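> Residue numbers 1 to 229, in UniProt numbering, belong to the letters of the sequence shown in order. Note that beta-carbon positions come from the ideal geometry of N, C-alpha and C, so glycine has one too. Just so it is clear, the structure is predicted and the values come from calculations on it, not from any experiment.
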Amino acid sequence: KIVSEPLIKKEKPDIPSNTNCFENIFDYYRNPTKWEQRCLANLEERIKTIFDGFSKTGEENKNVGEQSFKKGDKKYEICAEKMTFNDAKEVCFQKGGSLLEINNENENDFIAQHLLFDMRYWIGAKRLMHYSSIFLYTNGGNMKYVNWPASEPKPTEYDNCVNIINGKMHTDKCAEKFLFICEYKENTEPSSGDVIIEDVLRENKRLNKELKEIKLLTNAQWQIIRVFL
Numbered sequence: 001k002i003v004s005e006p007l008i009k010k011e012k013p014d015i016p017s018n019t020n021c022f023e024n025i026f027d028y029y030r031n032p033t034k035w036e037q038r039c040l041a042n043l044e045e046r047i048k049t050i051f052d053g054f055s056k057t058g059e060e061n062k063n064v065g066e067q068s069f070k071k072g073d074k075k076y077e078i079c080a081e082k083m084t085f086n087d088a089k090e091v092c093f094q095k096g097g098s099l100l101e102i103n104n105e106n107e108n109d110f111i112a113q114h115l116l117f118d119m120r121y122w123i124g125a126k127r128l129m130h131y132s133s134i135f136l137y138t139n140g141g142n143m144k145y146v147n148w149p150a151s152e153p154k155p156t157e158y159d160n161c162v163n164i165i166n167g168k169m170h171t172d173k174c175a176e177k178f179l180f181i182c183e184y185k186e187n188t189e190p191s192s193g194d195v196i197i198e199d200v201l202r203e204n205k206r207l208n209k210e211l212k213e214i215k216l217l218t219n220a221q222w223q224i225i226r227v228f229l
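#1: So is T171 buried or exposed if we call it buried at 16+ other beta carbons inside 10 Å?
#2: Write down the C-beta distance between M129 and E152 rounded to the nearest angstrom, noting that I regard them as a contact closer than 8 angstroms.
#3: Put K144 into one of helix, strand or coil per three-state DSSP.
#4: Which of the three DSSP states is assigned to A80 in this structure?
#5: Can you check which of these residues, E186, F178, C182, I165, is closest to L115 by C-alpha distance?
#6: For Y145 versus E183, is the C-beta distance shorter than 9 angstroms?
#7: What are the start and end residues of the alpha helix (DSSP H) that includes K89?
#8: What's the gap between the Cα of I134 and the Cα of Q67?
#9: Give the straight-line distance between the Cα atoms of N163 and F178, rounded to the nearest whole angstrom.
#10: Could you please give the first and the last residue of the uninterrupted beta strand (DSSP E) stretch that includes A125?
#11: Considering only residues of the same chain and omitting the five flanking positions on each side of F180, which have a CB-CB separation below 6 angstroms?
#12: Going by C-alpha to C-alpha distance, which of Y76, I102, T156, E45 sits closest to G141?
#13: Mind checking whether A175 and F69 have CB atoms under 9 angstroms apart?
#14: Identify, in the order they occur along the chain, each residue of the same chain with its Cβ nearer than 8 angstroms to the Cβ of N139, setting aside the five sequence neighbours on each side.
#15: As a quick exercise: from K126, F117, M143, pick the residue whose alpha carbon is nearest that of E157.
#16: Helix, strand or coil: which one does DSSP assign to T57?
#17: Should Y76 go down as buried or exposed, given a rule of 16 or more other Cβ atoms within 10 Å for buried?
#18: What would DSSP say about F110, mapped onto helix, strand or coil?
#19: In angstroms with no decimal places, state the Cα-to-Cα distance between N160 and E45.
#20: Is N63 helix, strand or coil by DSSP?
#21: Could you check if Y137 is buried or exposed, using at least 16 other CB atoms within 10 Å of its CB as the buried criterion?
#22: So, helix, strand or coil for E186, using DSSP?
#23: Where do the ends of the beta strand (DSSP E) carrying L136 lie?
Encoded structure:
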């Protein structure tokens, strides 16, 4: 009587083991028949994990631009919809707050940590008048803390509203549409009207002086032109 030897399944040398299923992952696409079922199952699980990670990242990115956080007596809200300066101001007002007012370097750094890189956000400061060096917040208070780069504020007629990008303040046209930041204060105190009036008078005096100088220069130029005519 011939007794047959038990059949023993031998693993082919070219089939990867559990430890190297993904070391030669592209080999699967060249020769899928040599891959065991266990490797295919692991491959499917790995792909699912990767795509789940992408989906989770996408959901997180949707929420990055709009969030709220608190520090001291202020609550901040980052609004993800881009609006003009005036529309953003109105939205914050309707919510019971105002566009962001940055009072010091510490607050500026704190806010910058919560903002997307290279994105512009309206804050509540606006130039007092064309070409003016004075900026006021929407609540009427003077903009005491500034963090301008070397090229700012731009001395133009139209770049009058202030936004923040990467912790630096910039001026742009108020009709531009940017993201924006609302703030809500627990203890709101009215700003000093006397300080604002003094600033306005001082600025008006400076502008009048510059206007007179321009007129004198223009008259002198006309006199020179008349000599050569």
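On the basis of the coordinates in this document:
#1: buried
#2: Their Cβ separation, rounded to whole angstroms, is 17 angstroms, which puts M129 and E152 out of contact at 8 angstroms.
#3: coil
#4: strand
#5: I165
#6: no
#7: 85-94
#8: Computed Cα separation, rounded: 31 angstroms.
#9: 8 angstroms
#10: Where A125 is concerned, the enclosing beta strand (DSSP E) stretches over 121-127.
#11: Once the five neighbours on either side are set aside, the close Cβ partners of F180 are C79, A88, Y121, W122.
#12: I102
#13: no
#14: S98, E101, G124, S191
#15: K126
#16: Reliability of the predicted coordinates at T57 is poor, the pLDDT of 46 falling under 50, and the value obtained from them is presented with this limitation in mind. DSSP, reduced to helix, strand and coil, places T57 within a helical segment of the structure shown.
#17: buried
#18: Of the three classes helix, strand and coil, the one that applies to F110 here is helix, per DSSP.
#19: 55 angstroms
#20: Summary for N63: the model assigns pLDDT 41, below 50, so the residue's position carries little reliability, and this model does not support an answer.
#21: buried
#22: Looking at E186 - three-state DSSP - the assignment turns out to be coil, as it is neither helix nor strand.
#23: The continuous beta strand (DSSP E) containing L136 extends over residues 135-137.
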